Every structure is written in C-alpha cells, then in structure tokens.
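Encoded as structure tokens, the structure appears first; notes follow it.
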Amino acid sequence: MTSTDTKALKGRGELRDQPGTTDTPAPAATATAPSAPLPDRARWLALAIVMTAAFMDLVDVTIVNIAIPSIERTAHASVSQIQWITAGYALAFAAGLITGGRLGDIHGRKRLFLIGIAGFTVASALCGFAANPEMLVASRILQGGMAALMVPQVLSIVHATFPAHERGKVFGLFGAIVGLGAVSGPLLGALLTEWNIFGLEWRPIFLINLPVGVVAWFLGRRFITESKAPKALKLDLVGVALVTLGLLMLLYPLTRGRELHWPVWGYVSMVGAVGVFVGLVAYERRKAARDGSPLIELSLFRVKSFAAGIAVQTVFGVALGIFFLVWTLYMQIGLGWRPLRAGLTGVPFSLAVSTAAGLSVQQLVPRFGRKVLQAGALVMGVGVLIYLWEAHRYGLAIASWQMALPLVVMGTGMGLIVAPLTDAVLSEVPREHAGSASGLINTVQQMGNALGLGLVSVVFFGRIGDRLTSAEIGPAFVAAFQYALWWVAGIMGVIFLLMCALPKRPAQHVEGAGEETAATARKPELVA
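Counting in our numbering, the sequence shown runs from 457 upward without gaps.
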C-alpha cells in the first residue's frame, strides 16, 4: 500500500493543504488566470470528476502489489519484471510530475487533465490486455507518465474553481478520498484477483479503470472550466531528461544485477549516475541564471529544514518501496495466503494511518511540533521490530490476527509522519518558492519509492536461492522478509536523525501568491 507511497494527489505543488487532510501541494507562485465562475452544481460536479481521477491513481498504486504473485504465476514474469511493474510506474510518475504541472500552467489545466485521464485509461487497457511481461512493464511506465499529466491538474482545477473560503471543505473531502483509496485499493485488488472474472486472473485490476476513465473524460470535458497561469515558467526538458537518465542508470543495474550476476557494466552505470546528477546540478545553476526557470530551484537547499526534509522524503520513500512489495510477496508466496486474506490483513494498517494522520495535524503538531514526526519515526520503527520478532517466532504458522499489533503500531507511526511532514519541510521556505519546493518534495518521494523498489533485488531476492523446491520456498521467503525488515528498521532510525534538522515549530501556513491560503496534503502512495 504506499506510495507510502503518500503516490499522488500532490502533483508538483500547486496548492498547500489545510490541516486535517493528507498531503496535497502548495500554491504556485504564479497567479491563476481568471475564468468565469461555474454554477454551483457544475462546480461540485467538476470536483467529483477530478476526485474520481485522483482516486483512480491512488487505487492503481495500491491495487497492483496484491496481484503481483498472480502476475508472476500466470504471466511468467521474472524477478526484475516484477520490480519494474511497480518501479516503472513510480519512476515515470516522479519524472513527469513537475513537467505535467507546468504543461497545465502553460496549455491549460483542463486540457492537460483530459489528455492525462485519456492516456491513463488507454494505458490501463494496454496493461489489462498485455500479451507478455515486457508489454505490461512498458504499459505501466506509460500509465505512470499519464498519471503525471493528470494528477498535478487536480488541485490546480480546485484552485481555479472554488473560492478560498470553500477550499477547506474541499481539502477535507480529499482527505477522505485518500483514506478510502488506502483501504479499498488492496481489498479491491484482492477481490478482483480472487474472483478470477472470466478467467482473466489479474487483468481486471487494470480493466476496471476503463469505464471509470471514459465517463470521467466525457463529464470533465463538459463540466470542468479551463484555467491557465498567465506567467507560467518555461519547460526545462533538459533537466527532465537528465533526472530520468540518472535514475535509469541507477535503477536498471539494481533491478537486473542479481539476474545477470552483477556485471561490471552495472557498477559503471551506477557510478555514472552520480556524474549525471552532478551535471544536472551544474545545468540547473546555469538555467536559473539564464532565464529563471530551472526544473529544480537549487537555492532552496540553502534552507536547512528544506534540505533535511528532502532527505527525509527520499529515504522514507525508499523504506516504503522496500516494505510494501516485500510484504505482499511474503504473505502470498512465502506463507501461501490467498489474495483476499492478504488484502484483509492490511486493513488495520490503513485504518491506523488514516486515524493517526488526522490526529497529528489537528491536535498533536500544534502542541508538540517536530517531536510528533520524530515520535512517528520511532513508533514505526518499533512496529517493524515487533513484526520482525513475530515473523521469527511464528514462522510459517503466523496468523493474520498476530500481524494486527505490529501493523497498527507501524500505521500509527506512519500517520504521525505523512500528514504534517510537508508543513514542516516548507515552513522556512521563502514564499515565492513555495510551489517549486512542494513540487520537488513530491517528486523526490516518488523517486525514493522507485529506488526502494529497485533495492528489493538486493535486500529480499538476494537472500533467496535461484532454484528452490516447493518445501524450501516458504522458509526462504520468511527469512528474506526478516532480513528486509532489518533494513526498514535501520532506515527509520536514519529518518529520526534527519528530522532533527526540521524546525521545532513548523509554520502553520506557507503561501505562494497573494491571498491564497496554505494547506497540507496527501498521504504517500501506499503500495499495498
């Protein structure tokens, strides 16, 4: 369930959110082009349409992992292909978020939203009818790219459609959608896989997007009003290309290295990725000096709390990317549980995340500030250690109810982190850079998730033999799951230390332009 994953009402940072929701973007520094106000009924229909699109993205992130064992079994997908089915989506989504948001500013949010939802629907159809694992991986990458066009427009359209005094109610609805997506995604994926509709096995988890996407496109074309940012920044396509190239050079060897016995070119590629990122920094400096429209606003990293927050978001994404994929494989392949049982087992986690997220932003952070986030990292780490102990003690005989305690503890810790983290990171950022900063936070979180999914090859599959008998599979997966949990626990300790650089009392609001109020926003893409 992810990302965490925390994958994606946020877009690039068009708005910040109201306390009580779970992780939306901040207002952009550019003004929104005025548009004729919609009638009241049409405005709420437009809201329902964009919320449906956001829900599609959230569910698509959380629904896939539960079907991974079925995909592996029936499509004969390799280990690296399994990783790319999830990591490819996260990588494409991360690389396209900022670009998608700026395209909406330049060419119109409604236009880009319709293009995105149409492309997302077509990509879902390609996923559902994929003839082989290679086609499924390519279609998932396309789907992530289309989500990067669609998702950043969601809150931009809300911004253009609703006056400031109504947005609190709207953001509250977004929080409810986030919670619903976190709970319903894994359950829906489990049911669709379990029912094996028309003998299609896992394919309905993608095909279900088709009728929803078609209806949303036609209604969106009629009821959503167009809006643009009159002083939109230019696109930094070179920056996007360098970010994508660097990530591919890093992730591809990680996901394929084990299968290819860690060839020399893999290490060369990963070292070369560092060079690409150094080149990216140099180019972005020149780009900022030349026309003031870099993909990454490097001056933001002079703000201590922001630099630390970016590190927290990245590392947190890595932890979520590792845990949720490994957890699904452990339950369904290692323990031999059916998808529905695995999906139901995750419900306590989802409920704990939603409950703790609401409490953290509304009651705890105003009183205790940064300590709430640090407590969340410790609590989540303790939950991981409890899970590790139970997995070791009960082995293959562990029951769903025995997992409830560590999952509730982990979910509580995660909820204490994900909702207030954006406010804490942005609270010392200059007002004029609030939109750029929020977009960068969202992007690195998705990149961290993709990196974590790539690391699964090292921290999980690297502990499992190549040729296992049926009797050896269960014990091997249980042992590998425990090893992966040690990694996650260690990462949570690193996150706790990084949080020491966050401000003790995060500002409640950071504004982008003029009178717009700040808001906080969505949970990470919980991939479950």
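All C-beta atoms in this analysis are idealised placements derived from N, C-alpha and C, irrespective of residue type, glycine included.
Please read all numbers here as calculations on a predicted model, not as lab measurements.
{"Asked": "contact_flag[the stretch 906 to 926, the stretch 725 to 738] where n(CB pairs < 8 Å) is 3 or more", "Found": "no"}
{"Asked": "Among Val768, Leu693, Gly839 and Phe805, nearest to Pro750 - alpha-carbon criterion", "Found": "Leu693"}
{"Asked": "Helix, strand or coil at His532 according to DSSP, with G and I counted as helix", "Found": "coil"}
{"Asked": "Of the listed residues Pro876, Val803, Ile897 and Val838, nearest to Leu829 (C-alpha basis)", "Found": "Pro876"}
{"Asked": "Pro493 - DSSP class collapsed to helix/strand/coil", "Found": "In this prediction, Pro493 has a pLDDT of 49, which is less than 50 and means its spatial position is unreliable; what the coordinates show is noted afterwards. It is coil, neither helix nor strand."}
{"Asked": "Local conformation of Gly867 per DSSP, three classes", "Found": "helix"}
{"Asked": "Proximal residues to Phe917 (C-beta, below 8 Å), its chain only, five neighbours per side dropped", "Found": "Val535, Arg714 and Ala936"}
{"Asked": "Alpha-carbon to alpha-carbon, Leu863 and Val838", "Found": "10 Å"}
{"Asked": "Pairwise C-alpha distance: Gly572 and Gly556", "Found": "9 Å"}
{"Asked": "Inter-residue CB distance, Gly851 and Val934 (contact presumed, cutoff 8 Å)", "Found": "6 Å"}
{"Asked": "Sub-8 Å separation of Ile1001 and Gly676 beta-carbons", "Found": "The question about residue 1001 has no answer, for the chain in this structure spans 457 to 984."}
{"Asked": "Residues of its chain near Asp747, where Cβ-Cβ distance is below 7 Å and the 5 sequence neighbours each way are ignored", "Found": "Lys690"}
{"Asked": "Contacting residues, own chain, Cβ-Cβ under 6 Å from Ala604 (five flanking each side not counted)", "Found": "Phe549, Gly552, Leu553 and Gly556"}
{"Asked": "Same chain only: Cβ atoms within 6 Å of Pro795, ignoring 5 sequence neighbours per side", "Found": "Ile522, Ala646, Thr649 and Glu650"}
{"Asked": "Cβ-Cβ distance between Arg659 and Gly584 below 8 Å", "Found": "yes"}
{"Asked": "Check whether Ala940 and Val915 have beta carbons under 8 Å apart", "Found": "yes"}
{"Asked": "Reduced DSSP category for Gly825 - H, G, I as helix; E, B as strand; rest coil", "Found": "coil"}
{"Asked": "Test item: CB-CB of Ala737 and Gly904 under 8 Å", "Found": "A small fix is needed here, since residue 737 is Val in this sequence, not Ala. Not a contact, by the Cβ cut-off of 8 Å."}
{"Asked": "Three-state class that DSSP yields for Glu846 in the structure shown", "Found": "helix"}
{"Asked": "Residues of its chain near His532, where Cβ-Cβ distance is below 8 Å and the 5 sequence neighbours each way are ignored", "Found": "Pro589"}
{"Asked": "Proximal residues to Val809 (C-beta, below 6 Å), its chain only, five neighbours per side dropped", "Found": "Gly867, Met870 and Gly871"}
{"Asked": "Assigned exposure category for Gln539 - 16 Cβ within 10 Å defines buried", "Found": "buried"}
{"Asked": "Test item: CB-CB of Ser755 and Val881 under 8 Å", "Found": "no"}
{"Asked": "Integer Cβ distance of Leu861 from Ile842, believed to fall under 8 Å", "Found": "6 Å"}
{"Asked": "Lys566, buried or exposed, once every other Cβ within 10 Å from all chains shown has been counted against 16", "Found": "buried"}
{"Asked": "Residue-level contact to chain D via CB, Leu736, 8 Å cutoff", "Found": "In the structure shown, chain D cannot be found, because there is only a single protein chain."}
{"Asked": "Where Gln599 falls, given that 16 or more other Cβ within 10 Å makes a residue buried", "Found": "buried"}
{"Asked": "CA-to-CA distance, Leu954 to Ala767, given in whole angstroms", "Found": "7 Å"}
{"Asked": "Within 8 Å, strictly: CB atoms of Leu582 and Gln609", "Found": "no"}
{"Asked": "Residue span of the alpha helix (DSSP H) that contains Met726, given as start and end", "Found": "Val720 to Asp747"}
{"Asked": "Residues of its chain near Leu820, where Cβ-Cβ distance is below 6 Å and the 5 sequence neighbours each way are ignored", "Found": "Val828"}
{"Asked": "Rounded straight-line distance, which links the Cα of Gly949 to that of Leu592", "Found": "36 Å"}
{"Asked": "Terminal residues of the alpha helix (DSSP H) in which Asn665 lies", "Found": "Asn665 to Phe679"}
{"Asked": "Reference Ala813; option with closest CA among Thr878, Ser580, Thr617 and Pro959", "Found": "Thr878"}
{"Asked": "Cβ distance (whole Å) where Gly908 is taken to contact Leu776 below 8 Å", "Found": "6 Å"}
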